[in-house]
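Last residue of the sequence shown: 1690 (this note's numbering), numbering continuous.
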Amino acid sequence: MKIRVNGITLAYDDRGTGLPIVFLHAFPLNRTMWAAQEESLSSEFRVIAIDLRGHGESDAPLWRYTLDQTADDVCGLLDHLAIRQAVFVGLSMGGYVLFAFYRRHADRVTGLVLADTRAQADTPDGVEGRFQLAQTAYKHGPPAVADIMIPKLLSPATIQTRPEIVQRVRRMIEGNQVSGIAGDLMAMAERPDSLPLLKRISCPTRVIVGEWDQATPPSDAALMADQIPGARLAVIPGAAHLANLEQPELFTQIVRSFAESLEEGKIR
Ligand code: MLT
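Encoded structure:
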């Protein structure tokens, strides 16, 4: 499905009924990374997965992006769908968008799942790395970005033994436009430090991380779980950065039990 919001077209899936759960994907992927979660959870919940601006079937206008804009796109879609409040699951860049969303629209958030992400802003070296990756995207296209990103997203064991996952991730990356890849890199490089926000997050929160995640390691996840009042941390064995793809059943189960507990009012 597609809608116009904030001057661009956004693509999304909307399946099932019940408590809404909104999934925000990683960089530089798209909403299909949530296929297993969508399939499983939509029997019990209303599941919404969005191609964030610059990705998949959404528009990727050639211009400067901010994660605040991306957060407002998500809010615009919720307005369109008449969803007042939802549980949000953001993985990596999706988590960065959730920090922006919470700063701007906290009253729309019933619960947060922060997966394989971090609260800190980029270091100067990190910003330089984003600049270099944008140049690679511009000169050599998305396939060169896939070559660089795949070893950062998946564990060596997955890369060696699960070619179907590697091919899926490659297809998602190669399906993006250079304008979207560069726009996101600029937006992520400019995002503010969210560490001061953590103590002010007052909704129920789960933090998830793959035990081998090197992009946003378990120490970053532990810091978020420590600082967000009442947050709990789940470490997923046998997964690196894309924990929801490498260990889909366990990831889905954590989200399911979190959402069920919110539905039943067990956590507040
Ligand atoms: C992601 O998976 O979204 C990226 O690794 C985030 C980042 O580059 O900081």
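C-beta atoms are modelled at their ideal positions from N, C-alpha and C, and glycine is treated no differently.
Next on the checklist: If contacts are defined as beta-carbon pairs under 8 Å, then Leu1664 and Leu1575 qualify, I think. What distance do you get, rounded to the angstrom?
Outcome noted: 5 Å
Next on the checklist: Using CA atoms only, rank isn't needed, just tell me which of Leu1520, Thr1583, Ile1603, Thr1580 is closest to Phe1553.
Outcome noted: Ile1603
Next on the checklist: Restricting to Cα atoms, I'd like to know which of Gly1687, Leu1684, Gln1675 is closest to Glu1460.
Outcome noted: Gln1675
Item to check | Unbroken alpha helix (DSSP H) run spanning Thr1580, endpoints | outcome: For Thr1580, the enclosing alpha helix (DSSP H) has its first and last residue at 1578-1583.
Item to check | Rounded separation between Ile1581 and Arg1590 - CA only | outcome: 12 Å
Item to check | C-alpha distance - Cys1497 paired with Phe1523, whole-angstrom precision | outcome: 8 Å
Next on the checklist: When you measure from the CB of Met1515 to every non-hydrogen atom of the ligand MLT, does any distance come out below 7 Å?
Outcome noted: Checking every heavy atom of the ligand MLT against the Cβ of Met1515, one is found closer than 7 Å.
Checklist entry - Helix, strand or coil: how does DSSP classify Asp1436 here? => result strand
Next on the checklist: At a threshold of 7 Å, does Phe1673 count as lining the ligand MLT (C-beta to nearest heavy atom)?
Outcome noted: No, the ligand MLT has no heavy atom inside 7 Å of this Cβ.
Item to check | Counterpart residues of Lys1424 in DSSP-defined beta bridges | outcome: Looking at the DSSP assignment, Lys1424 forms a beta bridge with Ala1433.
Item to check | Contact test: Ala1448 Cβ vs the ligand GTP heavy atom, cutoff 7 Å | outcome: Among the ligands modelled here, namely the ligand MLT, the ligand GTP does not occur.
Item to check | Residues that Val1588 bridges to, as DSSP identifies them | outcome: Answer by DSSP bridge pairing: none, since Val1588 is not bridged.
Next on the checklist: For the ligand MLT, is there any heavy atom lying closer than 7 Å to the beta carbon of Ala1637?
Outcome noted: yes
Next on the checklist: Helix, strand or coil, according to DSSP, for Thr1532 in the structure here?
Outcome noted: Collapsing the DSSP output to three states places Thr1532 in a strand.
Next on the checklist: Would Thr1539 and Tyr1560 qualify as a contact pair, given that the criterion is a beta-carbon distance under 8 Å?
Outcome noted: no
Checklist entry - DSSP state of Pro1618, grouped into three classes? => result In the structure shown, Pro1618 sits in a helix (DSSP, three-state: H, G or I).
Next on the checklist: Counting C-beta neighbours from all protein chains within 10 Å, is the total for His1502 16 or more, i.e. buried, or is it exposed?
Outcome noted: By the Cβ-count criterion, His1502 is exposed, with fewer than 16 other Cβ atoms from all chains shown falling within 10 Å of its own Cβ.
Next on the checklist: If you reduce the DSSP assignment to three classes, tell me which class Ile1603 lands in.
Outcome noted: helix
Checklist entry - Is Met1594 near the ligand MLT, going by C-beta to nearest heavy atom under 7 Å? => result Flag unset: Cβ of Met1594 not near the ligand MLT.
Checklist entry - Can you name, in chain order, every residue of its own chain whose Cβ lies under 6 Å from the Cβ of Thr1492, other than the five neighbours on each side? => result Take Thr1492, set aside five residues on each side of it, and the residues of its chain with a beta-carbon closer than 6 Å to its own are Leu1474, Arg1475, Val1519, in chain order.
Item to check | Beta-carbon separation (whole angstroms), Leu1655 vs Ala1643, contact threshold 8 Å | outcome: 6 Å
Checklist entry - Exposed or buried, which one is Gly1652 when buried takes at least 16 other CB atoms within 10 Å? => result exposed
Next on the checklist: Give me, in chain order, the residues of the same chain whose beta-carbon lies closer than 8 Å to that of Leu1691; leave out the 5 immediate sequence neighbours on both sides.
Outcome noted: There is no way to answer for residue 1691, as the model of the chain reaches only from 1423 to 1690.
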